[in-house]
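Below is one structure, written out as structure tokens; the observations come after it.
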Amino acid sequence: MNQGTPPRLRFAPSPTGPLHPGGVRTALFNYLLARQTGGTFILRIEDTDQTRFVEGAEQFIIDSLAWCGITFDEGVHLGGPYGPYRQSERKLMYRQYAMDLVEKGAAYYAFDTEQELDEMRDRMKASGTASPQYNSITRVNMKNSLSLPADEVNRRLEAGDPYVIRFRMPRNEEVRVQDVIRGWVVVNTSQLDDKVLFKSDGMPTYHLANVVDDRLMHITHVIRGEEWLPSTPLHVLLYRAFGWEDGMPLFAHLPLLLKPDGDGKLSKRDGDRLGLPFYAINWTNPDTGETTAGYREAGYFPEAYVNFLALLGWNPGDNREMFGMDELVQAFSLERVNKHGARYDFQKLAWFNQQYLRKISAAELAVLVRPQAESAGWSPSPGFLEEVCRLMQERLTLLGDFTQMSAFFFEFPHRYDPEVVEKRWKAPVPACFLSMAEALEGAESMGAKELEEVFQSKVSEAGLKPGQVMQAFRLALSGEGGGPALFEMGALMGRDSVVARLRKAVELLGHG
RNA sequence: GGUCCGUUCGUCUAGGGGUUAGGACACCAGAUUUUCAUUCUGGUAACAGGGGUUCGAUUCCCCUACGGACUACCA
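Numbering (this note's numbering), first residue to last: 163 to 674.
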């Protein structure tokens, strides 16, 4: 199958809403294989259902993947030799392929109305059939070109009666599908129905469009979600009916992404429920105006997100787990993709993000963090911000944590942690701080070393031990009980600020 | 209901006829940091159940249970 030909892979989402994490992963795996093999990666938009079109969804898909570093060689946004890449723009040609199948006897016209279909299903349910199907048994009782006299069929066609084209599913035949991940899957056609291939609105259904386009675009590997496995036998039958079986692509059906807890597949609600971002980038619903948070805006690294996603359902076979995109391209293989679904673990994603956050320099971090610092109303010098980053870097998990966790560098404390006040703000401390403030005021300059010297000498003058005062000192400077190295922190705040903070703490917290 | 797919620590997973069933996240404990976090060390924790096959099964086969997908003129 396709040996020697350069691989061509596609990601083929429908623009019916924001791109789900499972879709990002599907795109990623396709991308990895394309890059690894020197193949071509194509973005095709499957918009054959006009009723489900969502404004902005297509651009969202492109932007989401671009943020992840997933790039295409051909596609709706790039063009290419096999365009157009939007199925609605290929509309006219699908009819010919459907009619070709009719001529070959592999498909037929059906004129049944919605009501007639409903009635058929109701009838069958009433007589005990669990899942009523339009198939080789039932079609004889319906209005189609197999059951109706030829002249009536022609009359209806000429009169412009609405019709669909259905696949003529063989009655009892084993269809074998080879899946790279799952091996051979065998289904009997008696379980399958006469699927609509061509709709009465003149659009193909997924099944037809997908097979025709994959053929026309010379797709060699179809890597898609597990939800497509049940209809793959139909697709194989379509390739066969067209006479394209020898050029059929390889199929690989990816396991699903599951909820972090409980049963079922991952959904937007899981992000909402946990108050965590869900999409790659912010999504605003064009109808409601409601925005769902994305990882980009929440301060995640795309590298971390991609790394995390890659390890959901795939593993390299050894204990490595930090993978840059290039390394993923090297290491990836369909053979090492799991068969079972993987729970989406937000905590692990946060951990990956932390790892990536630590890999960059303080200077780089400062650049990334500046926008939020500025929107918090601070305008630190580059040098100061970098120093803050140097002290804070190992304590951050997300970029987005920065403002909240570093606020005390830029502002005086708005509150003093009551627990620490209760425990550490004891009688001799305020007086000691006041004398520190005085001593510092007289000092010419104040680095971490000088600050510590003043601290030590005033503490011993007061007859105290450093351990008894340290926490209160931190509290006075930052309002909190934890934080970066105390004297470095103070040095960075600067002498005047430290003096003022000490006095203000005494003023607000009293003399114990 | 039917069809198909699946099932190793709480989670992501490695492994595979004979292993102390390995790693990572999370969690817990200790060390270091006179803070918190980091870091380091250690720890708790898994082969869904039942039948086979076999000298031996978590690994192979079957059944059951459970989970999931699909079952539209949606993709």
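Where is the CB? At the ideal position from N, CA and C, for every residue including glycine.
Could you check which residue in 652, 583, 590 has the C-alpha nearest to that of residue 616?
For residue 616, the nearest C-alpha among the options comes from 652.
On the CB-based measure, 16 or more other CB atoms within 10 Å of its CB, does residue 348 come out buried or exposed?
Burial call: exposed.
What's the call for residue 672, buried or exposed, on a 16-neighbour Cβ count within 10 Å?
Under this definition residue 672 is an exposed residue.
Is it buried or exposed, residue 544, if we count other Cβ atoms within 10 angstroms and call 16 or more buried?
It counts as exposed.
Within the chosen definition, does the region 223-236 reach the region 187-197 through at least 3 CB pairs nearer than 8 Å?
Counting Cβ pairs under 8 Å, three or more are found: they touch.
Going by alpha carbons, who is nearest to residue 404 out of 258, 535, 300, 530?
The residue with the shortest Cα to Cα distance from residue 404 is 258.
For the candidate residues 497, 458, 462, whose alpha-carbon lies nearest to that of residue 477?
Comparing Cα-Cα distances from residue 477 to each of 497, 458, 462, the minimum goes to 497.
Cutting at 6 Å between CB atoms, please list the residues of its own chain near residue 414, excluding the five before and the five after it.
Taken in chain order, the residues that qualify are 342, 343, 385, 496.
When you compare each of 318, 361, 649, 480 to residue 326 by their alpha carbons, which one comes out closest?
Of 318, 361, 649, 480, the residue nearest in Cα terms is 361.
Starting from residue 427, follow its DSSP beta bridges and name the residues at the other end.
For residue 427, which the question treats as bridged, DSSP gives the partners 420.
Run through the DSSP bridge pairs and tell me what residue 504 is partnered with.
DSSP output for residue 504 lists 419 as bridge partner(s).
Nearest to residue 181 by alpha carbon, out of 457, 294, 557?
Of the candidates 457, 294, 557, the one whose C-alpha sits nearest the C-alpha of residue 181 is 457.
In its own chain, which residues sit with a C-beta less than 7 Å from the C-beta of residue 283, not counting the 5 before and 5 after it?
The residues are 294.
In this structure, what does DSSP give as the bridge partners for residue 476?
Partner(s): 499.
May I ask you to report which of helix, strand or coil DSSP gives residue 300?
Residue 300 falls in the helix class under three-state DSSP.
Give me, in chain order, the residues of the same chain whose beta-carbon lies closer than 7 Å to that of residue 145; leave out the 5 immediate sequence neighbours on both sides.
Since the first residue of the chain shown is 163 and the last is 674, residue 145 is not available in this structure.
Going straight from the alpha carbon of residue 438 to that of residue 581, what length do you get?
Roughly 29 Å between the two C-alpha positions.
Taking C-alpha atoms, which residue in 350, 535, 179, 636 lies nearest to residue 217?
Taking only the C-alpha atoms, the option nearest residue 217 is 179.
Using a 10 Å radius around the Cβ and a threshold of 16 neighbouring Cβ atoms, would you call residue 395 buried or exposed?
Classification for residue 395: buried.
Suppose contacts are defined by Cβ-Cβ distances below 7 Å. Is residue 518 in contact with residue 422 by that definition?
Result no, Cβ atoms of residue 518 and residue 422 do not sit closer than 7 Å.
Return yes when the Cβ of residue 444 is within less than 7 Å of the Cβ of residue 459, no when it is not.
Yes, they are a contact pair.
DSSP state of residue 662, grouped into three classes?
Here residue 662 sits in helix by DSSP.
Buried or exposed: residue 647, going by 16 or more other Cβ atoms within 10 Å of its Cβ?
Exposed, since its Cβ has fewer than 16 Cβ neighbours within 10 Å.
Inspect the beta-carbon positions of residue 247 and residue 307 and report whether they are closer than 7 Å.
Against a cut-off of 7 Å, the Cβ pair of residue 307 and residue 247 comes out as no contact.
For residue 380, does the three-state DSSP call read helix, strand or coil?
The answer is coil: DSSP assigns residue 380 none of H, G, I, E or B.
Ignore the nearest five residues each way along the sequence and tell me which others in residue 500's own chain have a CB closer than 6 Å to its CB.
Counting only Cβ-Cβ distances below 6 Å, and skipping sequence neighbours, we find 417, 475.
With burial defined as no fewer than 16 other Cβ atoms inside 10 Å of the residue's Cβ, what is the status of residue 376: buried or exposed?
Burial call: buried.
Grab me the residues of residue 640's own chain with a C-beta within less than 8 Å of its C-beta, minus the 5 sequence neighbours each way, in chain order.
Cβ neighbours of residue 640 beyond the five flanking positions: 570, 575, 651.
Give the secondary structure of residue 325 by DSSP, where H, G and I count as helix, E and B as strand, and everything else as coil.
In this structure, residue 325 counts as coil in the three-state DSSP scheme.
Assign residue 370 to one of three DSSP states: helix, strand, or coil.
Note: residue 370 maps to helix in three-state DSSP.
How should residue 588 be labelled, buried or exposed, when 16 other C-beta atoms within 10 angstroms of its C-beta is the threshold for buried?
The residue is exposed, with fewer than 16 neighbouring Cβ atoms inside 10 Å.
Between residue 597 and residue 453, what straight-line distance do the alpha-carbon atoms span, to the nearest angstrom?
Near 53 Å, if we compare the C-alpha coordinates of residue 453 and residue 597.
Per DSSP, which one or two residues make a beta bridge with residue 221?
DSSP output for residue 221 lists no bridge partner at all.
Verify whether the separation of the beta carbon atoms of residue 168 and residue 256 is less than 7 Å.
Result no, Cβ atoms of residue 168 and residue 256 do not sit closer than 7 Å.
List the endpoints of the continuous alpha helix (DSSP H) containing residue 678.
Within the shown structure, residues of the chain are numbered from 163 to 674, placing residue 678 beyond reach of any answer.
Specify, as a first and last residue, the run of the beta strand (DSSP E) that residue 340 falls within.
Looking at the DSSP string, the run of the beta strand (DSSP E) that includes residue 340 is 336-341.
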